[in-house]
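Residue numbers for the sequence shown follow the numbering used here, so the first one is 121 and each next one is one higher.
Backbone N, C-alpha and C define an ideal beta-carbon position, used for all residues, glycine too.
The next block holds one structure in the form of structure tokens; read it before the comments.
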Amino acid sequence: MNKKILCLVASMLFAGNCVMQAQNDNDNDGDDDEITVTDNKGNEEVIEFPEAMTYDLDSLMNLYMSKTYLKEDNDCHMKDINPVFSKEVYVDRLSRIPTIIEMPYNEVVQKFIDRYSGRLRQSVSYMLGASNFYIPIFEEALEAYNIPLELKYLPVIESALNPNAVSRVGATGLWQFMLPTAKRYGLTINSLVDERRDPIKASYAAAHYLSDLYKVFGDWNLVIAAYNCGPDQVNKAIHRSKGEKDYWQIYPYLPKETRGYVPAFIAANYIMTYYCDHNICPMTTSLPAKTDTVVVNRDIHMEQIAAVCGMDIEQLKALNPAYRRNVIPGNTEPSIIRLPQTEVGKFIDNQDSIYNYRTDELLSKRTEVEVNDEQPTFVSRSSRHSSTRNSRTTRSSKSGKNSRSSKKSKKKNSRSASITVKSGMTLSEIARKNGTTVKKLRKLNGIKGSNIRAGKKLKVK
């Protein structure tokens, strides 16, 4: 029996236990980001929705995978009518979901079920269709760490199954990893790569993290809360509640969003299981062609692959969401490119052409440069004024130095100087070498004739 018939039958079976309402009538809390819950004492409490529960459906449908492989099921009946059931029906249904993690019912859980089945029913339709892409990946990763498979619905409340989701505080990808946690669990993040956006790698990192949190808290509801707000916040709530380790007991001490996080998780499991009973039809899915990977050891741009192999670059981006700027940094370390299986052979056969296609334009980061050592041919006005001032200062400085040097020279020259006469030297030769005259030499040294004796000291200045 197909899903459409199942949905119709389920609606008929429960018709006696429910009230049929238009899809928005049962979800009129007003604010899109929070709900108000009233406790048994009449006290009102405001609870924030997880951010993904406020996403616009249009933004989800603009994703490449959505536009290409999802479409509305126009044959689905009664999709605008949302049945509202009695409390007992919700309690019974939650108890029958095959889970290890307990799924209790209360008013807060009911509010989240109402939101998913009412205002967010179109988004649920999208997520049911998109789950065909992602749920098998999530289940495989969770199974690898031997943890409950119902955790596969965490990305429903984390990202609404949008692999490119980025929260207000920078949490990224299907599993909404913050940067420090992502790096701690082995995900690469730099200017070119963000593996938080890679569905496979991020899923295994998330499963590892959830497994580690369970070793700390030993309770899956506390684990889910810690995944949202961090283990430190959960530990604070435990201390403030005097050591209680039950999520519903530490509930008042948790951050606002985390108080709604476990109820949202329970509601996500409910709606992804009982969507038929609320007349929500999954979008029809045509699964993408099989894919395979190739390893590259050189930098390569997706436009090079798309142009040479005749591929749609948007498809390449969707298959390789971890590459932030369409560049695969194979030079850094061997890197993987995911391609449609039919294109792998074409890539291998045309690698040289791919690497050489518009390389200088698309991969323009230079590996070596020469420094321009020519003298500038002009200077700016301000530089010229500065240069003039500097030259004046320099000239003045040089002038001062020359003046001082001249004075020193004069002083030095004013001092007497003498030489020792060597054999064969004449007065005229000595006068010429010392910049004076024979007459002056005679006068300085009291010489009457031209004869001078070797070894005699003569004043020359």
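Counted within 10 angstroms of its Cβ, other Cβ atoms place residue i as buried (16 or more) or exposed
i, result
"residue 249", "buried"
"residue 202", "buried"
"residue 568", "exposed"
"residue 368", "exposed"
"residue 380", "buried"
"residue 454", "exposed"
"residue 241", "buried"
"residue 494", "exposed"
"residue 336", "exposed"
"residue 145", "A caution first: residue 145 carries a pLDDT of 42, below 50, which makes its placement in the model unreliable, though a value can still be read off. Label assigned to residue 145: exposed."
"residue 179", "exposed"
"residue 496", "exposed"
"residue 435", "buried"
"residue 559", "exposed"
Supposed close pair residue i, residue j - CB separation, criterion 8 Å
i, j, result
"residue 438", "residue 184", "4 Å"
"residue 446", "residue 457", "Not a contact, Cβ separation roughly 11 Å."
"residue 294", "residue 278", "7 Å"
"residue 449", "residue 312", "5 Å"
"residue 585", "residue 283", "Because the chain here runs from 121 to 581, residue 585 falls outside it and cannot be looked at."
"residue 164", "residue 287", "At roughly 27 Å, the Cβ-Cβ gap does not stay under 8 Å, so residue 164 and residue 287 are not in contact."
"residue 442", "residue 304", "The pair is not a contact, with the Cβ atoms about 18 Å apart (cut-off 8 Å)."
Three-way DSSP call (helix, strand, coil) for residue i in this model
i, result
"residue 443", "strand"
"residue 277", "helix"
"residue 253", "helix"
"residue 577", "strand"
"residue 397", "helix"
"residue 565", "helix"
"residue 205", "strand"
"residue 119", "With the chain represented from 121 up to 581, any question about residue 119 goes unanswered, as that position is not in the structure."
"residue 588", "With the chain running from 121 to 581 in the structure shown, residue 588 is simply not present."
"residue 140", "Its pLDDT being 49, under 50, residue 140 is placed unreliably in this model, and the coordinates cannot settle the point."
"residue 211", "helix"
"residue 421", "strand"
"residue 358", "helix"
"residue 234", "helix"
"residue 557", "coil"
"residue 269", "helix"
"residue 113", "This structure gives no information on residue 113, because the portion of the chain shown stretches from 121 to 581."
"residue 222", "coil"
"residue 541", "coil"
"residue 412", "strand"
"residue 391", "helix"
"residue 154", "strand"
"residue 217", "coil"
"residue 187", "helix"
Worksheet item: How do the stretch 472-482 and the stretch 417-432 stand: do at least 3 beta-carbon pairs fall below 8 Å, yes or no?
Response: yes
Item to complete: Could you tell me whether the stretch 392-411 touches the stretch 291-299, using the rule of 3 or more Cβ pairs below 8 Å?
Response: no
Practice prompt. May I have a chain-ordered list of the alpha helix (DSSP H) segments no shorter than 4 residues that lie completely inside the stretch 432-502?
Written response: 433-439, 461-469, 471-476, 479-482
Discussion item. For the pair the stretch 206-216 and the stretch 356-374, tell me if three or more CB-CB distances fall below 8 Å.
Written reply: no
Worksheet entry | Any 3 or more C-beta pairs closer than 8 Å across the stretch 397-404 and the stretch 226-246 | yes
Practice prompt. Determine contact between the stretch 385-394 and the stretch 216-236, defined as no fewer than three beta-carbon pairs at a distance below 8 Å.
Written response: yes
Worksheet item: Quick one: complete alpha helix (DSSP H) runs, 4+ long, within the stretch 286-339?
Response: 299-304, 319-337
Worksheet item: Quick one: any contact between the stretch 426-434 and the stretch 214-221, if contact means 3 or more CB pairs under 8 Å?
Response: Flag = no, the stretch 426-434 and the stretch 214-221 do not touch.
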